[in-house]
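Counting from 209, one number per residue, gives the positions in the sequence shown under this note's numbering.
By construction, the Cβ of each residue, glycine as well, lies at the ideal position given by its N, Cα and C atoms.
The model shown is predicted, which means the values in this text are computed figures rather than measured ones.
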Amino acid sequence: MCCRLFWFHHIKSLTKRKVIVQEAKNLEVYPLRIGGFSKPGFPGVIVAEGSLAALEGYTATLRALRWSAMAVRGEEAGGLTRRLPLPLREVAGEGMGELASLCRGAGVEALFLSALKLPTV
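Right under this line is the structure:
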């Protein structure tokens, strides 16, 4: 499993928000499905986990949506076990602090902090 953090200037469009979640669910085979979290707003952040092939396809789908600014800010190869929950879910209205807490609980806090250019503890 690989984990990838995407940063966006913002994620506001309801259409894009639906695509973010739906495209992660489209791969029906368990090892290929994308799990994780999407935080809309300013900035927008997606923390996604899946096979490298699934993440490459997901990245291409996201890039095709035309963003003001989008970047892959971090990536780490994990082991065979999944750390982020299936399916990928939106954490709207919960804020960056809640996303940080979810990442800490899943064991990907260092990726989250480094990708957001925050000092790691």
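Cβ neighbours of Gly-243 within its own chain (closer than 8 Å, five residues either side excluded): Ala-232, Ala-256, Glu-257, Gly-258, Arg-290, Leu-292, Pro-293, Leu-294, Pro-295 and Leu-296. Boundaries of the alpha helix (DSSP H) around Val-229: 222-233. Under the DSSP assignment, Leu-213 falls outside any alpha helix (DSSP H), being part of the beta strand (DSSP E) whose first and last residues are 210-216. Shown here, Phe-250 sits in coil according to DSSP, grouped into three states, outside any helix or strand. Gly-286 places its beta carbon less than 7 Å from that of Cys-211.
Restricting attention to Pro-251, Leu-326, Val-280 and Leu-319, the CA atom closest to the CA of Gly-301 is found in Pro-251. Cβ-Cβ separation between Leu-270 and Met-209: approximately 19 Å, too far for a contact (criterion under 8 Å). Annotation for Glu-302: no beta strand (DSSP E) segment contains it, and DSSP assigns it neither H nor E.
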